[in-house]
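Undergrad: Structure incoming, see below.
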Amino acid sequence: METTKELKLLCYSSIASRRARNISGLTGLDGPIKGFNKGADTMRSRTPDKSLSSSNSSLETIYFMFARALEDILRRYSSKADFGREAVDAFEHRFRSLRGSGLLPSGRENRAQRLSTQQIAYAILSTASIQPGWAGATAVILANLVPEGGAETSFFNVGTLLDTITKLIEDDAARASLILLTLSAAEGGLNSSGFANLVYIDASGQRRHSRYMHRLAANFTSPNNEARNDLNRRYAKMSRELVLNTAFFDALAREIDRSQHWPAPPGEGEEYTIEEIEDHRRKALGVRSGARYLNIGVENHVAWPAEERLVKFDEYELVLMPRTPDHSASIHIDLHRYRLSQTQARTLINRFLSMMSWVDDHYAISQDGWSGNPIPVAVPRRELATITAHQWIFARRIPTSEQTRRALALYREARNAQQNFMVSYAVLNFYKIVELRHPGRAPARTWIRDNYLIARSTYAFDESFERLETICQGQTVHEYLYTACRVAVAHGSPKSSSDPDDADEIRRLHTAADVLRWMARHLIKTELQVGEHP
Numbered sequence: 000m001e002t003t004k005e006l007k008l009l010c011y012s013s014i015a016s017r018r019a020r021n022i023s024g025l026t027g028l029d030g031p032i033k034g035f036n037k038g039a040d041t042m043r044s045r046t047p048d049k050s051l052s053s054s055n056s057s058l059e060t061i062y063f064m065f066a067r068a069l070e071d072i073l074r075r076y077s078s079k080a081d082f083g084r085e086a087v088d089a090f091e092h093r094f095r096s097l098r099g100s101g102l103l104p105s106g107r108e109n110r111a112q113r114l115s116t117q118q119i120a121y122a123i124l125s126t127a128s129i130q131p132g133w134a135g136a137t138a139v140i141l142a143n144l145v146p147e148g149g150a151e152t153s154f155f156n157v158g159t160l161l162d163t164i165t166k167l168i169e170d171d172a173a174r175a176s177l178i179l180l181t182l183s184a185a186e187g188g189l190n191s192s193g194f195a196n197l198v199y200i201d202a203s204g205q206r207r208h209s210r211y212m213h214r215l216a217a218n219f220t221s222p223n224n225e226a227r228n229d230l231n232r233r234y235a236k237m238s239r240e241l242v243l244n245t246a247f248f249d250a251l252a253r254e255i256d257r258s259q260h261w262p263a264p265p266g267e268g269e270e271y272t273i274e275e276i277e278d279h280r281r282k283a284l285g286v287r288s289g290a291r292y293l294n295i296g297v298e299n300h301v302a303w304p305a306e307e308r309l310v311k312f313d314e315y316e317l318v319l320m321p322r323t324p325d326h327s328a329s330i331h332i333d334l335h336r337y338r339l340s341q342t343q344a345r346t347l348i349n350r351f352l353s354m355m356s357w358v359d360d361h362y363a364i365s366q367d368g369w370s371g372n373p374i375p376v377a378v379p380r381r382e383l384a385t386i387t388a389h390q391w392i393f394a395r396r397i398p399t400s401e402q403t404r405r406a407l408a409l410y411r412e413a414r415n416a417q418q419n420f421m422v423s424y425a426v427l428n429f430y431k432i433v434e435l436r437h438p439g440r441a442p443a444r445t446w447i448r449d450n451y452l453i454a455r456s457t458y459a460f461d462e463s464f465e466r467l468e469t470i471c472q473g474q475t476v477h478e479y480l481y482t483a484c485r486v487a488v489a490h491g492s493p494k495s496s497s498d499p500d501d502a503d504e505i506r507r508l509h510t511a512a513d514v515l516r517w518m519a520r521h522l523i524k525t526e527l528q529v530g531e532h533p
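This is the structure in structure tokens:
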């Protein structure tokens with residue numbers, strides 16, 4: 000009997016050190032999380048919830064603390080981390096984000112489900128973010144950081160930061176060797192967020208550092224290069240860092256050990272109310288798993304729903320959101336569901352708005368937006384920056400030349416159209432400034448041909464010139480701007496037509512408008528002698 004007991008203890012003692020090699024990526028929420036080295040026999044004697052055990056493991060999966068209890072503990076531990084405490088509901092928001100990211104059990108029915116040590120580790124990592132709503136994303140990013148130099152020379156030979164924190168939770172020896180762990184969600188390298196540094200005492204009594212970074216940034220060829228591993232080196236010019244010391248992990252380990260005897264949290268799970276409301280909203284809007292929404296703002300005077308609504312257009316489902324004091328009216332479509340590119344989706348949205356504009360006989364302007372959200376997200380209202388002057392030095396007079404006055408009026412109209420997503424009119428009005436000074440087809444084209452390189456040199460900072468030359472595809476710039484742009488937007492000729500619903504066409508015209516803008520400024524400044532000073 001004693002021999003059997005010793006073998007069982009040895010088995011459980013070695014589990015923690017093998018966990019890092021058994022975990023692949025971040026999919027271990029349902030994987031087996033084993034007990035501590037200390038008191039393993041006691042924890043094994045507790046009968047775990049069989050419904051929570053991994054079907055892929057022949058060993059018992061041990062679950063400990065309730066999520067609500069962990070939330071209260073982390074809130075209490077963080078109370079002295081700054082002059083003032085976080086908002087009362089900050090940790091509630093963090094845990095809601097963790098549940099939404101699939102890192103903690105979700106749903107009121109799972110409220111009494113105990114957490115594994117890996118899930119507890121995710122919750123700890125989430126506290127590195129100062130934005131509670133980003134807690135889930137922060138935990139995922141930091142969890143996947145790897146030690147610089149490889150696992151072979153890292154703290155207890157673990158492979159990721161998630162494994163490291165799990166090791167600290169489970170293993171007395173790991174906690175005894177720890178001095179402190181620093182976490183940061185700041186940019187740790189080019190296009191890579193997050194970094195960490197662990198300070199500990201190794202087996203020989205030497206003070207060591209284990210630095211964690213994105214796996215693409217980690218250098219595995221020089222694991223012992225201490226000069227390269229400069230602890231004061233930071234990629235971001237400013238960064239916030241969270242420091243967890245030995246006392247934190249010791250206190251948490253004691254709480255976890257005691258939590259095995261705690262009853263289910265009291266109450267009816269009020270913390271899940273917001274999530275249930277959001278789940279109901281997702282179903283009403285037809286949100287599917289794996290969705291990737293394009294969110295586009297709309298300025299309109301067509302009939303629009305007073306509440307967010309799922310509507311049918313042709314074979315597509317679109318989500319419409321109303322205008323609010325903080326958000327524009329907006330339209331949303333799931334790119335993943337319909338296998339659409341952003342360009343194709345924008346064209347579809349323009350077709351929808353064109354049909355609505357025809358039916359209601361009012362305007363509907365598609366504005367800018369973004370894509371990538373798993374649910375439709377309201378588009379903030381456009382608050383264009385204004386230029387203010389502490390000293391008013393504007394002292395200009397009305398131009399005496401009628402031609403100059405008309406040129407400035409056309410320029411203002413073109414800039415207004417360009418800023419309000421009516422790029423066809425911007426192209427036309429910028430070109431009309433050239434025609435105003437050089438009437439006729441041939442003279443206007445000749446002037447653009449003779450002055451293009453001068454304007455390109457004067458306004459070389461704008462990349463639109465290079466983009467235009469690429470679009471021309473062998474055609475001369477002056478011929479292209481006339482035939483494919485000026486004529487195309489002004490006439491309905493089959494040979495030179497423009498479809499203002501087509502997203503590719505809109506992008507092409509924006510490039511032409513940018514170049515014609517500089518050409519128009521060059522003409523007004525050099526030939527009409529209108530200075531640019533106030």
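Read in numbering that gives the first Met the number 0, the sequence shown has 332 at position 333, and its numbers run on one by one without any break. Built from N, CA and C at the ideal position, the CB exists for glycine as well.
1. With residue 420 and residue 364 assumed to form a contact (beta carbons below 8 Å), what rounded beta-carbon distance in angstroms separates them?
2. Can the beta-carbon of residue 295 be found closer than 8 Å to that of residue 358?
3. Throw me the rounded Cβ distance for the residue 288 and residue 334 pair, which I believe falls under 8 Å.
4. Which residue comes first and which comes last in the beta strand (DSSP E) that contains residue 179?
5. Would DSSP call residue 64 helix, strand or coil?
6. Please confirm whether residue 103 and residue 66 have their CB atoms less than 8 Å apart.
7. Excluding the five sequence neighbours on either side, which residues of its own chain have a C-beta within less than 7 Å of the C-beta of residue 411, listed in chain order?
8. Quick check on the burial criterion: 16 or more other C-beta atoms within 10 angstroms. Buried or exposed for residue 2?
9. If you drop the 5 nearest sequence neighbours on each side, which residues of the same chain put their C-beta closer than 6 Å to that of residue 292?
10. Our contact map puts residue 553 next to residue 404 with C-beta atoms below 8 Å; I'd like the distance itself, whole angstroms only.
11. Anyone know if the C-beta pair for residue 480 and residue 515 falls short of 8 Å?
12. Count the other C-beta atoms from every protein chain shown that fall within 10 angstroms of the C-beta of residue 165, then say buried if there are 16 or more, exposed otherwise.
13. Do residue 248 and residue 168 have their beta-carbon atoms positioned less than 8 Å apart in this structure?
14. From residue 235 to residue 94, what does the alpha carbon distance come to, in whole angstroms?
15. DSSP puts residue 316 in a beta bridge; with which residues?
16. Relative to the C-alpha of residue 352, which candidate in 253, 319, 447 has its C-alpha closest?
17. Quick one, are the C-beta atoms of residue 522 and residue 402 less than 8 Å apart?
18. In terms of residue numbering, what span does the beta strand (DSSP E) encompassing residue 243 cover?
19. Give the DSSP bridge partners of residue 145, in chain order.
20. Under 7 Å from any heavy atom of the ligand SAH, does the C-beta of residue 208 make it?
21. Smallest Cα separation from residue 270: which of 439, 204, 89, 440?
22. Reducing DSSP to helix, strand and coil, say where residue 329 ends up.
23. Can you give me the C-alpha to C-alpha distance between residue 111 and residue 101, rounded to a whole angstrom?
24. Could you tell me the alpha carbon to alpha carbon distance between residue 491 and residue 497, rounded to whole angstroms?
25. Within a Cβ cutoff of 6 Å, which residues of the same chain sit near residue 409, ignoring the five residues on either side of it in sequence?
26. Taking the alpha-carbon positions, what's the residue 311 to residue 297 distance?
27. Mind checking which residues open and close the alpha helix (DSSP H) that includes residue 446?
28. For residue 370, which three-state DSSP category applies?
29. Can you look up residue 46 in the DSSP assignment and give me helix, strand or coil?
30. Please classify residue 329 as buried or exposed, where buried requires at least 16 other C-beta atoms within 10 Å of its C-beta.
31. Assuming residue 63 contacts residue 113 under a Cβ cut-off of 8 Å, what Cβ separation, rounded to an integer in Å, is found between them?
32. Determine the direct distance from the alpha carbon of residue 242 to that of residue 85, and round the result to whole angstroms.
33. Starting from residue 195, trace the beta strand (DSSP E) in both directions and tell me its first and last residue.
34. Rounded to whole angstroms, what's the CA-CA distance from residue 261 to residue 161? Just pull it up for me.
35. CA-CA distance, residue 510 and residue 154?
36. Identify whether residue 419 lies in helix, strand or coil by the three-state DSSP scheme.
TA: So, to answer that:
1. Contact flag correct, Cβ pair sits at about 5 Å.
2. Their beta carbons are not under 8 Å apart, which means residue 295 does not touch residue 358 by this criterion.
3. At roughly 14 Å, the Cβ-Cβ gap does not stay under 8 Å, so residue 288 and residue 334 are not in contact.
4. Counting along the chain, the beta strand (DSSP E) containing residue 179 begins and ends at 177-188.
5. It is coil, neither helix nor strand.
6. Contact: yes.
7. Correct list: empty, nothing qualifies.
8. In this prediction, residue 2 has a pLDDT of 41, which is less than 50 and means its spatial position is unreliable; nothing more can be read from the coordinates.
9. Around residue 292: 331, 333, 372, 375.
10. The structure shown has nothing for residue 553, since the chain only spans 0 to 533.
11. With contacts defined as CB atoms closer than 8 Å, residue 480 and residue 515 qualify as a contacting pair.
12. Residue burial annotation: residue 165 is buried, with at least 16 other C-beta atoms found within 10 angstroms of its C-beta.
13. It is a contact, given that the beta carbons lie within the stated cut-off.
14. Cα atoms of residue 235 and residue 94: separation of roughly 27 Å, rounded to the nearest angstrom.
15. Beta-bridge pairing links residue 316 to 311.
16. Selected option, being the one with the closest Cα: 319.
17. In this structure, residue 522 keeps its C-beta atom at 8 Å or more from the C-beta atom of residue 402.
18. Where residue 243 is concerned, the enclosing beta strand (DSSP E) starts and stops at 241-244.
19. Paired residues: 212.
20. The ligand SAH is not part of the structure shown, which contains no ligands of any sort.
21. Closest in C-alpha terms to residue 270, from the list 439, 204, 89, 440, comes 89.
22. DSSP, reduced to helix, strand and coil, places residue 329 within a strand of the structure shown.
23. Separation of residue 111 and residue 101 (C-alpha to C-alpha, rounded to the nearest whole angstrom) is 16 Å.
24. Distance from the CA of residue 491 to the CA of residue 497, rounded to the nearest whole angstrom, comes to 8 Å.
25. Its chain contains 428, 431, 432 as the residues whose beta carbon lies nearer than 6 Å to that of residue 409, once the 5 sequence neighbours on both sides are disregarded; these appear in chain order.
26. Whole-angstrom Cα-Cα distance: 18 Å.
27. First-last of the alpha helix (DSSP H) with residue 446: 440-457.
28. Correct three-state label for residue 370: strand.
29. Bear in mind that the predicted position of residue 46 carries a pLDDT of just 33, short of 50, making it unreliable; the figure below should be weighed with that in mind. DSSP places residue 46 in coil when its eight states are reduced to three.
30. Residue 329 should be labelled buried.
31. Indeed, because the Cβ distance is near 6 Å, the residues count as touching under 8 Å.
32. Straight-line Cα distance between these residues: approximately 16 Å.
33. Its beta strand (DSSP E) spans residues 191-200.
34. Answer to the nearest angstrom: the Cα atoms are 26 Å apart.
35. Those two C-alpha atoms are separated by around 54 Å.
36. Residue 419: coil per DSSP, three-state reduction.
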